[in-house]
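*Asks:* Numbering-wise (UniProt numbering), the sequence shown opens with residue 1 and increments by one.
Heads up, the beta-carbon is just placed ideally off N, CA and C, and yes, glycines get one too.
Have a look at the structure that comes next, please.
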Amino acid sequence: MAEPIRLRRFLSTRLALMLIVLSTFIFLLSSVYNFAAVSKSSSSVDPETGHTNSYMTTLYYMEKNRTSALTARLEAIEAELKSLKIHFNKKAAVTVEASKTFPDVRFRNEEKRKRILVTGGAGFVGSHLVDRLMMDGHEVIALDNYFTGRKRNVERWIGHPNFELVHHDVATILLASTSEVYGDPEVHPQPETYWGHVNTVGPRSCYDEGKRVAESLMVAYNKQERVNIRIARIFNTFGPRMHINDGRVVSNFIIQSLLGNPLTPSF
Numbered sequence: 001m002a003e004p005i006r007l008r009r010f011l012s013t014r015l016a017l018m019l020i021v022l023s024t025f026i027f028l029l030s031s032v033y034n035f036a037a038v039s040k041s042s043s044s045v046d047p048e049t050g051h052t053n054s055y056m057t058t059l060y061y062m063e064k065n066r067t068s069a070l071t072a073r074l075e076a077i078e079a080e081l082k083s084l085k086i087h088f089n090k091k092a093a094v095t096v097e098a099s100k101t102f103p104d105v106r107f108r109n110e111e112k113r114k115r116i117l118v119t120g121g122a123g124f125v126g127s128h129l130v131d132r133l134m135m136d137g138h139e140v141i142a143l144d145n146y147f148t149g150r151k152r153n154v155e156r157w158i159g160h161p162n163f164e165l166v167h168h169d170v171a172t173i174l175l176a177s178t179s180e181v182y183g184d185p186e187v188h189p190q191p192e193t194y195w196g197h198v199n200t201v202g203p204r205s206c207y208d209e210g211k212r213v214a215e216s217l218m219v220a221y222n223k224q225e226r227v228n229i230r231i232a233r234i235f236n237t238f239g240p241r242m243h244i245n246d247g248r249v250v251s252n253f254i255i256q257s258l259l260g261n262p263l264t265p266s267f
């Protein structure tokens with residue numbers, strides 16, 4: 001680790017000295033050139049009138065050109081230094097990364113290697129699962145809010161090309177529910193305070209009950225853990241990318257109309 005840093009400092013110092021010497025040489029060369037040019041132009045001064053306007057004008061423009069040239073050169077040097085700094089930083093980062101050793105992992109080709117998300121990946125159980133999956137040759141994304149997990153539990157894999165650690169805490173949870181939670185409603189339209197008219201053993205009741213249970217769990221989680229929740233009870237929808245056999249009544253009516261068939265709830 002120390003050797004690349006010393007090398008970087010040595011190269012940076014040497015580069016700075018070379019640039020200083022080069023700038024000084026350019027400045028001296030420009031001064032000599034301007035002095036010779038001014039001396040040559042001073043012979044054009046009228047000795048009888050003593051007017052030196054031509055001389056002063058020539059001197060002014062020469063100094064202006066010299067200043068512009070030096071400014072442009074300094075900007076070029078600054079840009080070059082910035083580029084070299086970025087290059088050295090990248091080289092140092094690669095050197096540090098290359099110096100880190102990882103546990104041996106199994107090689108898998110693209111066909112057999114899986115990309116796996118482990119929630120709670122920095123926790124007690126999750127970190128062991130991450131170890132197993134990584135050593136088995138898979139790509140792993142560890143997601144953790146560090147409530148009980150710790151970054152040090154997966155420290156060995158940080159920087160590995162097959163591993164990604166995401167620290168994230170859920171701010172708001174959105175549940176895409178359905179109007180089916182109202183069952184066969186007796187109130188139209190249905191306010192959110194309406195509990196519904198439900199058949200628990202109907203042909204579609206498993207879907208309806210599943211959504212109601214999900215809403216119940218969301219509300220309980222909100223009250224217990226103080227996590228913000230949102231529940232959207234979505235009614236009939238239609239639009240681009242909908243399958244022709246989607247099964248929703250609106251899409252069925254549209255397809256039946258296009259085909260010239262009678263309108264029926266089922267397609």
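Tell me whether residue 288 is buried or exposed, calling it buried when 16 or more other Cβ atoms sit within 10 Å of its Cβ.
*Replies:* The chain is shown only over 1 to 267; residue 288 falls outside these bounds and no answer can be derived.
*Asks:* Within this structure, are the beta carbons of R113 and G149 separated by less than 7 Å?
*Replies:* It is not a contact, given that the beta carbons lie outside the stated cut-off.
*Asks:* Could you check which residue in P191, V250, A176 and L174 has the C-alpha nearest to that of Y182?
*Replies:* Of the listed residues, the one whose Cα sits closest to Y182 is P191.
*Asks:* Which of helix, strand or coil does DSSP assign to N222?
*Replies:* Looking at N222 - three-state DSSP - the assignment turns out to be helix.
*Asks:* State the Cα-Cα distance for the pair N23 and K82, rounded to the nearest angstrom.
*Replies:* The question names Asn, but residue 23 is Ser in the sequence shown. Distance between the alpha carbons of S23 and K82 is about 17 Å.
*Asks:* Is the CB-CB distance between V140 and I116 below 7 Å?
*Replies:* Contact: yes.
*Asks:* Return the CA-CA distance between A79 and H160, expressed in angstroms with no decimal places.
*Replies:* Cα to Cα, A79 sits roughly 33 Å from H160.
*Asks:* Taking the Cβ atom as the reference point for each residue, do E180 and D208 lie within a distance shorter than 7 Å?
*Replies:* Cβ distance < 7 Å, so E180 and D208 count as in contact.
*Asks:* Taking 7 Å as the cut-off, decide whether the C-beta atoms of A142 and G121 are in contact.
*Replies:* Yes, the pair counts as a contact, with Cβ atoms nearer than the cut-off.
*Asks:* By how many angstroms is the C-alpha of N245 removed from the C-alpha of E215?
*Replies:* Each residue's Cα considered, the two are about 28 Å apart.
*Asks:* Thinking C-alpha only, which one of A232, D131, M218 and V250 is nearest V105?
*Replies:* That would be D131, whose Cα lies nearest to the Cα of V105.
*Asks:* Excluding five sequence neighbours on each side, which residues of the same chain lie with their C-beta closer than 7 Å to the C-beta of V154?
*Replies:* Closer than 7 Å at Cβ, skipping near neighbours: G121, A122, S127, V130, A142 and L165.
*Asks:* Return the CA-CA distance between F235 and P265, expressed in angstroms with no decimal places.
*Replies:* About 15 Å.
*Asks:* For a test of the three-state rule: what should DSSP assign to L263, helix, strand or coil?
*Replies:* Reduced to three states, the DSSP call for L263 is coil.
*Asks:* Between the C-alpha atoms of G196 and S251, what's the straight-line distance to the nearest angstrom?
*Replies:* If you take the alpha carbons of G196 and S251, they lie about 25 Å apart.
*Asks:* Taking the alpha-carbon positions, what's the P103 to V118 distance?
*Replies:* So the alpha carbons of these two residues sit roughly 19 Å apart.
*Asks:* I231 and L175: beta carbons closer than 7 Å?
*Replies:* Yes. Within cutoff.
*Asks:* Pick from R152, I158, N109 and F163: whose alpha carbon is nearest that of L133?
*Replies:* Comparing Cα positions, the closest option is F163.
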